[in-house]
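Everything below concerns the one structure shown next.
There are 4 protein chains.
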Amino acid sequence: MIAGPGSCWQLTRTVRFGDTDAAGVMHFHQLLRWCHEAWEESLERSGVAAAAVFPGGDPAVGDGGPSVALPIVHCSADFRRPLRCGDRLQVLLSPRRLDGGSFEVSYAFARDGEPVAWGLLRHRAIEAASRRPCDLPPVLEGWLEAAVASADPG
Amino acid sequence: MIAGPGSCWQLTRTVRFGDTDAAGVMHFHQLLRWCHEAWEESLERSGVAAAAVFPGGDPAVGDGGPSVALPIVHCSADFRRPLRCGDRLQVLLSPRRLDGGSFEVSYAFARDGEPVAWGLLRHRAIEAASRRPCDLPPVLEGWLEAAVASADPG
Amino acid sequence: MIAGPGSCWQLTRTVRFGDTDAAGVMHFHQLLRWCHEAWEESLERSGVAAAAVFPGGDPAVGDGGPSVALPIVHCSADFRRPLRCGDRLQVLLSPRRLDGGSFEVSYAFARDGEPVAWGLLRHRAIEAASRRPCDLPPVLEGWLEAAVASADPG
Amino acid sequence: MIAGPGSCWQLTRTVRFGDTDAAGVMHFHQLLRWCHEAWEESLERSGVAAAAVFPGGDPAVGDGGPSVALPIVHCSADFRRPLRCGDRLQVLLSPRRLDGGSFEVSYAFARDGEPVAWGLLRHRAIEAASRRPCDLPPVLEGWLEAAVASADPG
Chain A
-7 MIAGPGSCWQ
3 LTRTVRFGDT
13 DAAGVMHFHQ
23 LLRWCHEAWE
33 ESLERSGVAA
43 AAVFPGGDPA
53 VGDGGPSVAL
63 PIVHCSADFR
73 RPLRCGDRLQ
83 VLLSPRRLDG
93 GSFEVSYAFA
103 RDGEPVAWGL
113 LRHRAIEAAS
123 RRPCDLPPVL
133 EGWLEAAVAS
143 ADPG
Chain B
-7 MIAGPGSCWQ
3 LTRTVRFGDT
13 DAAGVMHFHQ
23 LLRWCHEAWE
33 ESLERSGVAA
43 AAVFPGGDPA
53 VGDGGPSVAL
63 PIVHCSADFR
73 RPLRCGDRLQ
83 VLLSPRRLDG
93 GSFEVSYAFA
103 RDGEPVAWGL
113 LRHRAIEAAS
123 RRPCDLPPVL
133 EGWLEAAVAS
143 ADPG
Chain C
-7 MIAGPGSCWQ
3 LTRTVRFGDT
13 DAAGVMHFHQ
23 LLRWCHEAWE
33 ESLERSGVAA
43 AAVFPGGDPA
53 VGDGGPSVAL
63 PIVHCSADFR
73 RPLRCGDRLQ
83 VLLSPRRLDG
93 GSFEVSYAFA
103 RDGEPVAWGL
113 LRHRAIEAAS
123 RRPCDLPPVL
133 EGWLEAAVAS
143 ADPG
Chain D
-7 MIAGPGSCWQ
3 LTRTVRFGDT
13 DAAGVMHFHQ
23 LLRWCHEAWE
33 ESLERSGVAA
43 AAVFPGGDPA
53 VGDGGPSVAL
63 PIVHCSADFR
73 RPLRCGDRLQ
83 VLLSPRRLDG
93 GSFEVSYAFA
103 RDGEPVAWGL
113 LRHRAIEAAS
123 RRPCDLPPVL
133 EGWLEAAVAS
143 ADPG
């Protein structure tokens, strides 16, 4: 059991061959990619469209994407067990609001219930045009509130 | 409709933010990664364990992995439409045996039924220890036969 | 010796640990990444600024990047020898104009003079805003002409 | 000036197009890849062969690679400035021995002398076959001593 207070969004992920290196196990930085993709999946599952959070809208329709960007200002990861091609992992997301303009999500990875790795991504809201710090956009505040409301009370 | 004669294994894939580049759309070589991961998923779905095909077994148990490796000797991709973060794609796999020691899989990607990209991966069986060409391992022959048997007759 | 008629831009590349997979050798799709990065390096060496070709200019200065984008519409690769961590490769670029709006670059990889792999990237010019086909931008025409002028006549 | 006490190995790195995402700047986890590649380059520059540190030796010659592996057990990164395609970065490595079986390297990234990002990779020595903790291999001890000897005394 890897969930704790504040946990929500349990997803799954399978280690793929291209995630490994010549030591035969997952190459470390792939875990950070998995964290970000798990965050995207959690947004999707809570009904937040990718276009509401991420730039990349169709330039033909004159839409430069959301006015607020959420770049990562800090990340970390800890690796406890080697992860092998074909391993099926559980990924548990625990989001946390830090202040009006930033939040972080911790990601606990387990295999057959045994903790194997952790990741952390910290985001700060900025105005996409000026890159000046700003408040979290409403869509993110909503996602955070839903996360807290659904969290295991511990 | 993107399926044709010989098609089987219809999977799905969502474009993630890290798959894009500063042009706002999928960075081209990610598609080749998706193809390989779709192949791994099709093996999994047909009951083939990753450890039966891919090296990376636990060295502590003295298992150096399968005796036959299936490296890619050729790949190609064609890109017809820009793919954006959040796009939900259908991926259709069409495997084909080329000779006793090689096979290829073509991957047709569609969005809302419209073809957007194609990929092709060609594999050749080699003895893992000597890297000499050899016959396809039985597990792969089984997967290919299952694919052909389940294929849309066109 | 891997150069032939039309070749120019000889670069080098070292295989890194993260480029390998659990089979102990380069994971196939990394080669396509290397091709694109070699193209970027060749532009740089011929005095073409990245900002003149690639989007990603600073949004704070109101510059949406070049008006013409050069997306890849086709790519392929052939793999003849396994590539291992630490291998030092020579990369030979051979650009070719296809028509007024497209060009391709072939990339020959060698180790100690022995050919080990090939890649091909085909680009088509489009207006960045509308994504409609257009002519190659002058900066690319200049790079192509310089390439042809410097090529080994064979 | 970004060097401090204990710093050594100043390398360079150019941000490539495939390192960016649809926000127009470097996608965060690429920085961790750059850190590892900078470490590999520093080993190379100090005369340590890749095959002495990394697995992936030719299986045909019956060499399973070095008996000690150095997996990453922790990593982190901080991002202060957006990094754009074509940016030329200085990378300063500061290695540090933690105990008989582990060490870490911090990576300071600067652009035109201005700090833009930091990374940290912590490695622990294990026996490759058993994955049991062990002492750092002599080749790594030598690299660490050379690093300390060449470091700016501050």
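Residue numbers (our numbering), protein chains in the order written: chain A, -7 to 146; chain B, -7 to 146; chain C, -7 to 146; chain D, -7 to 146. Even glycine gets a Cβ: it sits at the ideal position worked out from N, Cα and C. Note that this is a predicted model, so its numbers are computed, not measured.
Item: Using C-beta distances below 6 angstroms, list every residue in its chain close to leucine 113/B, excluding the 5 sequence neighbours before and after it, in chain order.; Value: Cys27, Ile64, Cys67, Val97
Item: Below 8 angstroms between beta carbons: does that hold for arginine 72/C and valine 108/C?; Value: yes
Item: Which residues, in order along the stretch 24 to 43 of chain B, keep a beta-carbon less than 8 angstroms from a beta-carbon of chain C?; Value: Leu24, Arg25, His28
Item: So for alanine 109/A, helix, strand or coil by DSSP?; Value: strand
Item: Say whether chain C places a C-beta atom closer than 8 angstroms to the C-beta of valine 17/D.; Value: yes
Item: Under 8 angstroms, do phenylalanine 9/A and alanine 69/C count as touching if we go by C-beta distance?; Value: no
Item: For tryptophan 1/C and cysteine 126/D, I'd like the C-alpha separation in whole angstroms.; Value: 46 angstroms
Item: Which of the three DSSP states is assigned to cysteine 77/D in this structure?; Value: coil
Item: From Phe95/C, Pro87/C, Val131/C, Leu132/C, pick the residue whose C-alpha is nearest to that of valine 140/C; which is it?; Value: Pro87/C
Item: Output the distance between the C-alpha atoms of leucine 85/C and arginine 25/A, rounded to the nearest integer angstrom.; Value: 31 angstroms
Item: Apply the 10 Å Cβ neighbour rule to aspartate 11/A and answer buried if 16 or more other Cβ atoms are within range, or exposed otherwise.; Value: buried
Item: With a threshold of 8 angstroms on Cβ separation, who are the neighbours of glycine 57/D within its own chain once the five nearest residues in sequence on each side are excluded?; Value: Ala43, Phe46, Pro47, Gly48, Gly49, Ala120
Item: Taking only three categories from DSSP, how would you classify cysteine 0/D?; Value: strand
Item: Exposed or buried, what is glycine 105/A when buried is set at 16 or more other beta-carbons lying within 10 Å of its beta-carbon?; Value: exposed
Item: Quick check on leucine 132/B: buried or exposed, where buried means 16 or more other Cβ atoms within 10 Å of its Cβ?; Value: buried
Item: Measuring only between beta-carbons, confirm whether glycine 10/A sits less than 8 angstroms from chain B.; Value: yes
Item: Going along chain B, which residues have a C-beta under 8 angstroms from aspartate 13/D?; Value: Phe9, Gly10, Thr12, Asp13, Ala14
Item: For glycine 39/C, does the count of other Cβ atoms within 10 angstroms reach 16, so buried, or fall short, so exposed?; Value: exposed
Item: By DSSP, does phenylalanine 20/B sit in helix, in strand, or in coil?; Value: coil
Item: Here's the rule I'm using: 16 or more other beta-carbon atoms within 10 Å means buried, otherwise exposed. How should leucine 35/A be labelled?; Value: buried
Item: Between alanine 52/A and chain C, is there a C-beta pair that is closer than 8 angstroms?; Value: Legend: pLDDT at alanine 52/A = 49, less than 50; position of this residue unreliable, value from coordinates given subsequently. Output row for alanine 52/A: interface = yes.
Item: When you compare only the Cα positions, how much space is there between serine 142/A and alanine 100/C?; Value: 55 angstroms
Item: Please list, in chain order, the chain B residues whose beta carbon lies closer than 8 angstroms to that of aspartate 70/C.; Value: Val65, His66
Item: Against chain C, with Cβ distances strictly below 8 angstroms, would alanine -5/A count as a contact?; Value: Caution is warranted here: a pLDDT of 44 is assigned to alanine -5/A, below 50, making its placement in the model unreliable, and the coordinate value is therefore given only provisionally. Cβ-Cβ to chain C under 8 angstroms: no for alanine -5/A.
Item: Among Phe20/A, Arg37/A, Arg124/A, Gln22/A, which residue has its Cα nearest to the Cα of glycine 78/B?; Value: Arg37/A
Item: Near leucine 136/A, which residues of its chain fall below 7 angstroms by C-beta distance, leaving aside the five closest residues on each side in sequence?; Value: Pro87, Arg89, Phe95
Item: Between the stretch 75 to 86 of chain C and chain A, which residues of the former have CB atoms less than 9 angstroms from a CB of the latter, in chain order?; Value: Arg76, Cys77
Item: Of all the CB atoms in chain D, is at least one closer than 8 angstroms to the CB of glycine 48/C?; Value: yes
Item: What would DSSP say about serine 142/B, mapped onto helix, strand or coil?; Value: helix
Item: Please list the terminal residues of the continuous alpha helix (DSSP H) segment that includes alanine 42/B.; Value: 42 to 45
Item: Is arginine 5/B buried or exposed, if buried means 16 or more other CB atoms sit within 10 Å of its CB?; Value: buried
Item: How would you label arginine 76/A, buried or exposed, when you count the other beta carbons within 10 angstroms and need 16 or more for buried?; Value: buried
Item: On a CA-only basis, which of Pro130/C, Gln82/C, Asp91/C, Gln22/C is nearest histidine 115/C? Give me that one, please.; Value: Asp91/C
Item: How big is the Cα-Cα spacing for glycine 54/D and serine 59/B?; Value: Per-residue confidence for glycine 54/D stands at a pLDDT of 48, beneath the threshold of 50, marking its modelled position as unreliable; the derived number appears in the next sentence. Going by the C-alpha atoms only, they are around 14 angstroms apart.
Item: Return no unless some Cβ of chain B is closer than 8 angstroms to the Cβ of arginine 123/C.; Value: yes
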